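Notes to accompany the following structure.
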């Protein structure tokens, strides 16, 4: 499995919920889903997207979106979407979050019966915030794919979006599983599109995913974190000398190879602790330590406490539910 696919697998996207919003004239909604992935697919019409500056230190300026565009808010920061009429921004925003209740087929109707109808398909998707933290930190507050349903978009993306819109209108067996898969596909395309647009020399660690020497290393780490990897092992995968590899990795990723490996192992261990608590299938600390590559429960517990500020057993008690 390639590095991006494995990294996206690790964030455990699930529980996609969607709804349609139909707006006319002076319409306005806000949505705050901190720690969730949010998509807005503009089926037709025009609108303005505005990230709430109080929830994002680097909130971009309001941007126009139109039919065929996909807008992604990776960490679910509070944002406003409103019509293009002169008064729409001043209208009291409708809180869209309570409208997500499983899957509703009838659209949320906003505004009045005037001209200029806009239709959006909005999707919120749960993810494991702790596992997703490195990815979310590397993505912008807002990502946009313009005219994703137009003739210039890849055919598979056009078909996928049409299929997604069609499934959202129906209630058929297996719909939830299918929608989760389609949303995952959409997320992959959005992240991939962002990576391709990163300039050469960018300090964003996602550039490593398009690096022919570093990508196999990340893929190996995420595929088998329990292996006793050494810098020499990883350098061999990159077909580089140890010193050249260590420098290249540290410069691109902002961390040494073994520090990156250790952080990933500990996040994975924390996920095991949370999941075993949820499903009442508590694995022993020693078993979790072994799963993530620690030969000793003691060394694992010490490393975990340094990273999370709590021992594994304390952490499990403090996190009875998944993030």
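Residue numbers (the working numbering): 30 to 352.
Every residue gets a Cβ at the ideal spot worked out from N, C-alpha and C, and that includes glycine.
Every value quoted in this text rests on a predicted model; they were computed, and no experiment measured them.
For residue 148, the enclosing beta strand (DSSP E) begins and ends at 147 to 155. Beta-bridge annotation (DSSP): residue 59 is paired with 109 and 124. For residue 243, the secondary structure class from DSSP, reduced to helix, strand or coil, is coil.
Around the CB of residue 256, fewer than 16 other CB atoms lie within 10 Å, so the residue is classed as exposed. The C-beta separation of residue 137 from residue 125 comes to about 7 Å, placing the pair in contact by the 8 Å criterion. Nearest in C-alpha terms to residue 332, of all of 297, 291, 319 and 99, is 291. DSSP places residue 158 in the helix class (H, G or I) of the three-state scheme. Straight-line spacing of the CA atoms in residue 278 and residue 322 works out to 21 Å. When the beta-carbon positions are compared, residue 223 and residue 250 stay at least 8 Å from each other. Per DSSP, the continuous beta strand (DSSP E) segment holding residue 65 begins and ends at 65 to 73.
Nearest in C-alpha terms to residue 205, of all of 36, 31 and 43, is 43. When C-alpha distances from residue 74 are compared across 95, 64 and 289, the shortest belongs to 95.
Here residue 281 is actually not in contact with residue 252; their C-beta atoms are around 19 Å apart, not less than 8 Å. In the structure shown, the three-state DSSP call for residue 49 is strand. In the structure shown, residue 293 falls within a helical segment according to DSSP collapsed to helix, strand and coil. Around the beta carbon of residue 151, 16 or more other beta carbons lie within 10 angstroms, which makes this residue buried. Residue 244 has its alpha-carbon roughly 15 Å from the corresponding atom of residue 273.
Straight-line measurement puts the Cα of residue 81 at about 32 Å from the Cα of residue 297. Within the DSSP bridge table, the entry for residue 95 names 75 as partners. The straight-line gap separating the alpha-carbon atoms of residue 46 and residue 153 is approximately 5 Å. For residue 259, the secondary structure class from DSSP, reduced to helix, strand or coil, is coil. Boundaries of the beta strand (DSSP E) around residue 174: 172 to 174.
The three-state reading of DSSP puts residue 139 in strand, counting E and B together.
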